[in-house]
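In our numbering, the protein residues as written are 1 to 318.
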């Protein structure tokens, strides 16, 4: 009876959600790996088949390829380290005095490879958010107020995440630190700002095309906005669920924690693959009866409309 009581978990929901979270992390990482392979293939093929249409240099494609590979390696390191520590929680430290699964889950930063998992995933998020910043700034044609707004939020996210890691010490960052709640809130805000700003800019160009030519030439912009909203919505939902569970101190946060950054990576890979394969790209130059030339493709940055002036949506993905 005494031995049975020792084996009975004091917080079964905490242990259950942490274990289920690792299982979901493995499933998510599998999807992320497959999409990464597809993205690399699409970029390499798109370099030869779509580069002239997209007016994209080989250097830009190599940069995007570097981005995909680096983020995947960071995600792989985070997944491997989390898997190793999950083994410690329920197997390697079994029966050792002073070490219970609950203690190991709470004080996971006591072990360097567990901290490595969080650090690598944090850097991965920095890189992915930097890509969002670049997309938004280019779409708005380097407008100063957009650079200031998005740049400030991005720097604040980086600063908060670094502060959390510094002050976390041996306890996990998702336990008691209020800075983590600020970081999660700012991360959700950043994602919303990006989606709204990019969608608003593309829709404004769409309206100019409609007024100058016809609705037929503006259909491509609706497709682009749909793509951006669908991809951003995927990550936003998971980020919001994690924020709510963290704010109310629910153990369900462990169900979302491990795979959260991989969800963001999947959302961005979906955009990269579809654009690199040309499924969200259309490029044509037409001249209306009034002499307005239109040169349009996905993810535009310039929006000038006038007699003989182009309206262009130049792809900035690859």
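Positions of the beta carbon are idealized from the N, C-alpha and C atoms, including for glycine.
Among the residues of its own chain, which have a CB less than 7 Å from the CB of residue i, if the five just before and after it don't count?
| i | result |
| --- | --- |
| residue 201 | 139, 140 |
| residue 238 | 256, 260, 263 |
| residue 42 | 273, 276, 277 |
| residue 36 | 68, 72, 269 |
| residue 13 | 251 |
| residue 243 | 184, 185, 188 |
Compare the Cα-Cα distances from residue i to each of the options and report the closest residue.
| i | options | result |
| --- | --- | --- |
| residue 158 | 128, 147, 16 | 128 |
| residue 259 | 13, 17, 10, 12 | 17 |
| residue 91 | 205, 273, 12, 19 | 19 |
| residue 233 | 257, 270, 206 | 270 |
| residue 27 | 60, 66, 44, 76 | 76 |
| residue 191 | 96, 160, 228, 30 | 228 |
| residue 149 | 236, 196, 182 | 196 |
| residue 114 | 85, 181, 240, 62 | 85 |
| residue 198 | 124, 146, 14, 62 | 146 |
| residue 151 | 167, 111, 164, 126 | 126 |
| residue 186 | 167, 203, 155 | 155 |
| residue 112 | 165, 95, 62 | 165 |
| residue 109 | 153, 243, 167, 248 | 167 |
| residue 130 | 153, 204, 94, 143 | 153 |
Using a Cβ-Cβ cutoff of less than 6 Å, which residues in the same chain neighbour residue i once the five nearest sequence positions on both sides are dropped?
| i | result |
| --- | --- |
| residue 89 | 101, 104 |
| residue 194 | 132, 136 |
| residue 39 | 68, 269, 272, 273 |
| residue 254 | 17, 18, 21 |
| residue 24 | 259 |
| residue 284 | The predicted position of residue 284 is uncertain, since its pLDDT is 38 and thus under 50; no value can be drawn from it. |
Quick check on the DSSP output: the alpha helix (DSSP H) that includes residue i runs from which residue to which?
| i | result |
| --- | --- |
| residue 256 | 253-257 |
| residue 266 | 260-276 |
| residue 103 | 101-106 |
| residue 82 | 58-87 |
Would you check whether the ligand NAD has a heavy atom nearer than 7 Å to the C-beta of residue i?
| i | result |
| --- | --- |
| residue 12 | Absence of the ligand NAD from the depicted structure is noted, as is the absence of any ligand whatsoever, leaving it without description. |
Only counting the same chain, and skipping five residues up and downstream in sequence, which positions put a Cβ closer than 8 Å to that of residue i?
| i | result |
| --- | --- |
| residue 246 | 174, 180, 181, 184, 253 |
| residue 231 | 267, 268, 270, 271 |
| residue 240 | 188 |
| residue 29 | 75, 76, 79, 259, 262 |
| residue 124 | 71, 74, 75, 78, 261, 265 |
Measure from the C-beta of residue i to each C-beta in chain C and report whether the shortest distance is under 8 Å.
| i | result |
| --- | --- |
| residue 62 | Here there is only one protein chain, and chain C is not present. |
To test your reading of the DSSP string, which unbroken alpha helix (DSSP H) runs of 4 or more residues are found completely within the region 119-199?
144-168
The region 71-86 touching the region 118-127, judged by at least three CB pairs closer than 8 Å:
yes
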